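Notes follow once the structure below has been shown.
In my numbering, the protein residues as written are 16 to 782.
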């Protein structure tokens, strides 16, 4: 029997707004199944109360007519899918196009610490209006609701591209979120209306492919636009796409007209009170988190906002229980079969969007990648998402089971996110491990998004199909907003604490902390500072050295400490030129560094040849002199004359000398010679077996710790070394609490000062 609404004559005609609302076939159980009288059907709940590993409800012994979809419209899905798919693509594109651009946006507007609101404001209104679109589409029709969403979203994107400051941009993003709330929700409701339940996994998989394509395009496209013609075009280019989506749906989507009623009656069926309470409560929570991380957690305003959100949420739940037309009915939210998938959606999207929002910032601020490169690094996760979405849909279609598939998906997400956390500097720093974990996270997410939606649809009463679908998006977007905002609060608080700890107290410290939190470009504007130990005995020595350094182009400041025999130099002059200028006064210069564990490193070079008893042949002192530049001071002795290559290797395993150090350290993003991150340079050894060189490279200290350095005449290319010889040196890079400082010792067991150690090394011919 065809589904639809019956008129007085007994004829049936499909209704655009409620093709699943007719309930003449039976009554509803707790699980949301409509039971056909006198016909048995398998209960989808296991004995222990879980959504059991059973076939989906519609796959039981007896078919449910309400689950058969609209066959006459379903036959046209291959034509309809591209039309509605444009909007789905656009919705996905918008959510990821900002993740690789917001660092530039915040830096340009000097509000990097507020950029989380670019996403949060969007998700906030998206959260509020997604459930409303389920109700609006019931009242005004699916087509009208979808076209309205495209219109509002397009206008919001236009305003984003024209925004003059962060406040205007945040307001425009909030307005765009009103439209964004319906672009995916209404399409999912349409899918539930039209497609039989057993086929929905496949079609939801197709939509997820479109969504994943949009998401995968967004990050690199946004980065490319930001690095070329400007971040504003990331928003402006979406406007014509909205026009295309509007036109396609207008021409392709042909559904029966919605029942007509007076507009006052229609508006009375919309839960404006519940929507207002939800947005007030969520705003109170998120603004409180933002104020706490940027100002103080103990301020009266911060505490008041955070405390106020709790009773407002409680009032919201009470209102939703008693209001006549709730957009988030308590009977759905607290249903024992529907609440687990909803809660899973909340936490999964909170973790996923916190990760996808801040991992690109980590790549740009810490690893030094451009916006385009940071966007490209997100692609493995998107590919994993496509694979999971398609694979999950196919498996469900063939087996009719989704419980263990869902568990597997969320397990992969937890594993992937945890690995990213640990491999981004907590335990180790590995871009490759982060990319692999990102792909695993995307794979699990793609599976989970498809299966949880099908689980909700399978367990929901057909008359609640639209509102259940909308509620699933409510929990997703609410989780996204809370996840991004909470992670922003944690990042900002951690940044404030660490900068204050490293820089100490004072007005200058506050200025630097504020500048770093407002703009990534501020890091590049910080003048590089390098410390050298220079033997000086009087003020005349100080004036001699300072005068020589001030002649160099790019030197902005020279400070001398006669007591400690230190020279502090600020400016952009090449380190090699600085050393030459100091040596030109007849004095030596030893790289000292900053004395902190995060900016200094040392590597003792030794040979693994069995023919030599004196193994140590060289020393490399490393100091990070700016946010993305490290100075290498390389000295070797006792080698045969000639030119030697110095390279950083992938591993720090020197158990077999150079043989076990692996290939040259490569950048996983760049290709060819540009990808050889470990190529330091060359050092020439003279006839006395001595060689020294200063090298500066765009590398950070933390990236190198635990790797090895090889100095050799062997030409390994990009591969591995196959032998040890007398003229090949290798050593592991280790952190240094102070590189050859005047008041520290190089060897804790010797107790000698810098200059005493230096005399020993000079005697050996080391330097």
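Where is the CB? At the ideal position from N, CA and C, for every residue including glycine. Small disclaimer: the values here were computed from a predicted structure and weren't measured.
The alpha carbon of residue 578 has as its nearest neighbour, out of 704, 556 and 221, the alpha carbon of 556. The alpha-carbon of residue 121 is positioned some 17 Å away from that of residue 109. For the 7 Å CB-CB criterion, residue 235 and residue 390 form a contact. Residue burial annotation: residue 346 is exposed, with fewer than 16 other C-beta atoms found within 10 angstroms of its C-beta.
Residue 251 holds the alpha-carbon nearest to the alpha-carbon of residue 105 among 151, 220 and 251. Counting only runs of 4 or more residues that sit fully inside the stretch 281–327, the alpha helix (DSSP H) segments are 287–309, in chain order. Residue 253 carries a helical assignment under DSSP once its states are collapsed to helix, strand and coil. Here residue 623 is buried: its Cβ has 16 or more other Cβ atoms, across all protein chains shown, within 10 Å. About 15 Å separates the beta carbons of residue 446 and residue 713, which is beyond the 8 Å limit, so they are not a contact pair.
When the beta-carbon positions are compared, residue 379 and residue 118 come within less than 7 Å of each other.
Residue 107 and residue 247 have their C-alpha atoms roughly 18 Å apart.
In the structure shown, the three-state DSSP call for residue 188 is helix. Between residue 150 and the set 351, 206 and 286, the nearest pair of CA atoms involves 286.
Residue range 644–651 is occupied by the beta strand (DSSP E) that includes residue 645. The C-alpha of residue 147 lies about 31 Å from the C-alpha of residue 316. With distances taken between CA atoms, residue 501 lies nearest to 365 out of 365, 311 and 450. Secondary structure at residue 621: strand, using DSSP grouped into helix, strand and coil. By DSSP's assignment, residue 659 forms a beta bridge with 698.
When DSSP states are grouped into helix, strand and coil, residue 709 belongs to the strand group. As for any alpha helix (DSSP H) of minimum length 4 sitting wholly inside the stretch 102–139, the runs are 117–123, ordered along the chain.
The beta carbon of residue 470 sits closer than 7 Å to those of 66, 356, 417 and 421, all from its chain and outside the five residues before and after it, given in chain order. Under DSSP, residue 664 forms a beta bridge with 679 and 723. In terms of Cβ geometry, residue 649 and residue 142 do not form a close pair [threshold 7 Å]. Taking all protein chains in view, the Cβ of residue 299 is crowded by 16 or more other Cβ atoms within 10 Å, so the residue is classified as buried. Considering only 575, 156 and 233, the residue with the shortest C-alpha distance to residue 115 is 233. Three or more Cβ pairs drawn from the stretch 259–267 and the stretch 92–99 lie within less than 8 Å of each other, which places the two stretches in contact. With respect to the 7 Å criterion, residue 661 and residue 696 are classified as neighbours on the basis of their beta carbons. One alpha carbon belongs to residue 728, the other to residue 742, and they sit about 7 Å apart. Spatial neighbours of residue 184 in its own chain (CB-CB distance under 8 Å, excluding positions within 5 residues in sequence) are listed in chain order as 120, 124, 133, 175 and 178. Excluding the 5 residues flanking it on each side, residue 603 has no same chain C-beta neighbour closer than 6 Å.
The beta-carbon separation of residue 411 and residue 466, rounded to 7 Å, stays under the 8 Å limit for a contact. CA-CA distance, residue 561 to residue 668, rounds to 43 Å.
For residue 401, the enclosing alpha helix (DSSP H) stretches over residues 394–414.
DSSP, read as helix, strand or coil, puts residue 736 in coil. Per the coordinates, the alpha-carbon of residue 553 lies some 13 Å from the alpha-carbon of residue 581. According to the DSSP assignment, residue 475 belongs to no beta strand (DSSP E), since it is labelled neither H nor E.
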